[in-house]
Ligand SMILES: O=C(O)C(=O)C[C@]1(C(=O)O)C=C[C@@H](O)C=C1
């Protein structure tokens, strides 16, 4: 059944506009996240090279513990779920360690 009420059509239009505006912001934020991650990986690539050259272990669990504690605090003050922030950092670091291990083998 189609809605014939023109007032509803106007509301739908406003909702669609609001959705589009929010999605534009989401797309901008996602682009910023990708660019920031790319910069982070450029840094960790250099760390990986340094570690491989000097035979240092790919992972540093003490450094990770400090990063996680710091990020959880930042998340809390930003009203972001600290558990989510921790999971995200662990996910990123796991990928970095994988890269470091590949470099150490090369
Ligand atoms: O700081 C280091 O030693 C790194 O190798 C970088 C990094 C990170 O991605 O932040 C990755 C692996 C380590 O376990 C700790 C931190």
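In the UniProt record's numbering, the protein residues as written are 1 to 106.
For each residue, glycine too, the CB sits at the ideal point set by N, CA and C.
Checklist line | Residue environment, residue 31, which counts as buried when at least 16 other CB atoms sit within 10 Å | finding: exposed
Item checked: Neighbourhood of ligand 1 [Cβ distance below 7 angstroms to any heavy atom], ordered by chain position -> 44, 47, 48, 51, 58, 59, 60, 61, 63, 64, 67, 92, 93, 96, 97, 100
Next item on the list: Answer yes or no: do residue 97 and residue 61 have a C-beta to C-beta separation smaller than 8 angstroms?
Entry: no
Next item on the list: Determine the DSSP secondary structure at residue 90, reduced to helix, strand or coil.
Entry: helix
Next item on the list: Quick one: grab the DSSP three-state call for residue 60.
Entry: coil
Check: When burial is assigned at 16 or more other CB atoms within 10 Å of the CB, is residue 85 buried or exposed?
Finding: buried
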